[in-house]
Structures are given as C-alpha cells and as structure tokens.
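Each residue of the sequence shown is one higher than the one before, starting from 11 at the first, in this note's numbering.
Yeah, the Cβ is synthetic: ideal placement off N, Cα and C, and Gly gets one too.
Note sheet for the following structure.
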Amino acid sequence: MSRRKTERLLNLVICLLATRRPLSAEHIRQAVPGYDAANDEAFQRMFERDKNELREIGIPIEVYKDPWEEDPGYRIVPQAYELPEITLEPDEVAVVGLAAQVWQRASLAEAASGALLKLRAGGVETDEAGGMLGGALELRVDTQDPAFPALWEAVRDRRTVRFAYRAAASESVLTRTVEPWGVVSRRGRWYVVGHDRDRDAARAFRLSRISGQVTPVGRPGTVVVPEGVDIRSMVGYRDDLAVSERTALIRVREGTCQGLRQVARAVRPGSGGWDELDVDFSDPERLAGWVVGFAADAEVAGPPDARDAVIRRLKGTLA
11 MSRRKTERLL NLVICLLATR RPLSAEHIRQ AVPGYDAAND EAFQRMFERD KNELREIGIP
71 IEVYKDPWEE DPGYRIVPQA YELPEITLEP DEVAVVGLAA QVWQRASLAE AASGALLKLR
131 AGGVETDEAG GMLGGALELR VDTQDPAFPA LWEAVRDRRT VRFAYRAAAS ESVLTRTVEP
191 WGVVSRRGRW YVVGHDRDRD AARAFRLSRI SGQVTPVGRP GTVVVPEGVD IRSMVGYRDD
251 LAVSERTALI RVREGTCQGL RQVARAVRPG SGGWDELDVD FSDPERLAGW VVGFAADAEV
311 AGPPDARDAV IRRLKGTLA
C-alpha cells in the first residue's frame, strides 16, 4: 500500500470518527485530503474501494439514509470502533518493548514504536528502555542488506518480485522472478524463500547476493504460500561451509571505526591520517554491508571482490 493511500485511509477514519452527524460523500470529498483533486467518477471509485478496504480490516463504517436527503450519510460510531480494555502480563509488555529495540531499519522501528504508543494510550505501562528484560538484554536484528525492506514488504503484501541475483558457484548475475513466501535469518545471513518462476521450483536466495533494486511484479495479494511449508528448513548452508576464510585490507581514518579495530587481526599505522587493518572474512557481501556503515571513514583496499562488493552497495544506495 502506498504512503499516499495510507494517509488518505487514515484521514477518512479520523473524519468519520470525529463527526457528530453522518456525512454525505460530497462532504467527505471536501473534508478528506486526497479526494479533492479527483473528478466525480474517479472519486466515486476511490471512495467505494476505501470503504470496502476499511470494512475488510474490521472498521465499522455505518450508512445512514435520511428520508429528507437524497444521498446517504456515513459515520463511524466510536463505541463500535474502540478496542476493549488492554490487559497484558508484565512479560508480554516486556516483549513488545524489546521489539521496539530489535529493528534497526526505520520502516520496522516505526511499526514497533507505534505498538508501544497504542499500549500507552490504552493505559498500559511500558518500559522499552529497561524493565524485566530490557535492562539485561538488548536485541538487534542486522538488516543491512539493501534488498530487505522491499522483500519484507513483498512478503507482507503477497506480491511477486523480480531482482538480479549473483549465483554462488559461477558468480554470473541472472534475473529471477520470485513469489516470496517469507524472509528468514540463519547464522547471521538473511534469505528470501519462495517459488522461483524461472526454475518452476521452490528456492532460497541470499539477500547479500541480490544486486540492484527489487522490483514488484503484478498486483498485491496474488502470492499463495503453500500449506505446511517450512521456510526455515528450506534454507541450506552447504555453500557457507565450502567458503574459506580470507583476509581483507581495510583502511580507516585515525581515531575512528572502533568496531572494525576490535575484530581486526592486525592494526598498523598507514599514511595520510589513515590506519591499515587486516580483517578476516568469508562472505564479501556481508563484509561490504558492515564496512559501508562506517561511511567515508573506512574503505576496502583488497581483495578485489570485497572492494567490488562495497562499490556495488554504494552505487545501489545512490540509485
């Protein structure tokens, strides 16, 4: 769902909740941003779709027919819309608080923070900073792969995607069209699992090998996840075991990149205000995802495939 449509639906709900009397379609058109720019026919189609979508997710839009008025009126009765009293056990509240800390990407952090806001509005005390679990445990999910947000949204919307994928064996880049069933992490690596239309079979793709943008294909709601499928069991790691560990030469500015310095096998002074680090790695893409987080304070000097992986990430971010 686009941001514009989400805002329009939210504005429609607020409008129908706030009114004390039923509003006609024309009044709603004038009051709700997003409808005013549409012509009569487009507005009617848009308004009917919006009403149906809100009803499908359980928002009760009531229709009132006044014998003295030609057009019906619409309203959401607050008592029918309000949630019952929210009661959560302390451990359940703690889990929600941890969820707000887990996701580093803004798109997911916003959803978790919104859950906390709703709990507080319902009178539930939350302690996302500390509490029973937060003080002793801090969780982080590393979603530095650029393809993650688009794939997560595709799984949520049940929508087919297309992307360029770098094969593990040949290093050739091929275009894949995938019906995603889920995104799963194992051993610190993220995979998307689904039906590969090109091979007509179920496949798992490592996110770090996806190049460029992930493009949605077709309409939302068209992907069907087979019953009983276990996406975790579909993620294989034979290629991980076959990859030998190597050493990358990384140049970092003096006094920066403490995280890299701590894991480096060797640190030595360089020239021009830079230090040189020897860092062991097995996956160039994963190393690149870590290094680009230090921005202009770090650069990979070698080996070439690790340096190329950083360049691809930076170009993808720029695009």
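Helix or strand or just coil, what does DSSP make of residue i?
i	result
Val334	Examination of residue 334 is not possible in this model, given that the chain is present from 11 through 329 alone.
Ala41	helix
Val73	strand
Thr29	coil
Gly222	strand
Ala116	Per-residue confidence for Ala116 stands at a pLDDT of 46, beneath the threshold of 50, marking its modelled position as unreliable; no derived number is given.
Asp206	strand
Val245	coil
Gly280	coil
Glu66	helix
Asp155	coil
Val273	helix
Ile321	helix
Pro230	coil
Trp78	coil
Asp240	coil
Pro190	strand
Val341	Nothing about residue 341 can be reported from this structure: the residues present for the chain run from 11 to 329 only.
Gly265	coil
Ile24	helix
Assuming residue i and residue j form a contact by the criterion Cβ under 8 Å, report the distance between their Cβ atoms to the nearest whole angstrom.
i	j	result
Arg271	Glu309	That belief does not hold up - the Cβ atoms of Arg271 and Glu309 are roughly 15 Å apart, past 8 Å.
Glu255	Phe291	7 Å
Val245	Val194	6 Å
Are the CB atoms of residue i and residue j nearer to each other than 8 Å?
i	j	result
Leu217	Ala306	no
Ala174	Gly222	yes
Ala274	Leu287	yes
Val289	Ala311	no
Val227	Val171	yes
Arg18	Asp60	yes
Thr232	Arg278	no
Leu27	Val42	no
Glu264	Asp285	yes
Gln40	Asp46	yes
His205	Val224	no
Pro70	Ala52	no
Could you check which residue in the options has the C-alpha nearest to that of residue i?
i	options	result
Val234	Val42, Ala274, Gly192	Gly192
Arg209	Thr185, Leu22, Gly228, Leu297	Thr185
Arg207	Gln223, Ser182, Ser195, Pro190	Pro190
Arg219	Glu295, Asp46, Thr232	Glu295
Ala316	Val302, Val165, Leu328	Val302
Ala164	Val203, Pro279, Ser195	Val203
Arg229	Asp50, Arg166, Glu237, Gly269	Arg166
Trp162	Arg196, Thr187, Tyr201	Tyr201
Thr266	Phe304, Ser281, Ile67, Ala160	Phe304
Arg242	Leu328, Arg196, Pro236, Gly282	Arg196
Glu269	Trp300, Pro314, Asp155, Ser281	Checking the sequence, you will find Gly at residue 269 rather than Glu. When only C-alpha atoms are compared, the closest one is Trp300.
Arg30	Val87, Thr327, Arg323	Val87
Inset, instruction - Count the CB pairs spanning the stretch 28-36 and the stretch 71-91 that are closer than 8 Å, and state whether there are at least three. - result: Yes: at least three Cβ pairs fall under 8 Å.
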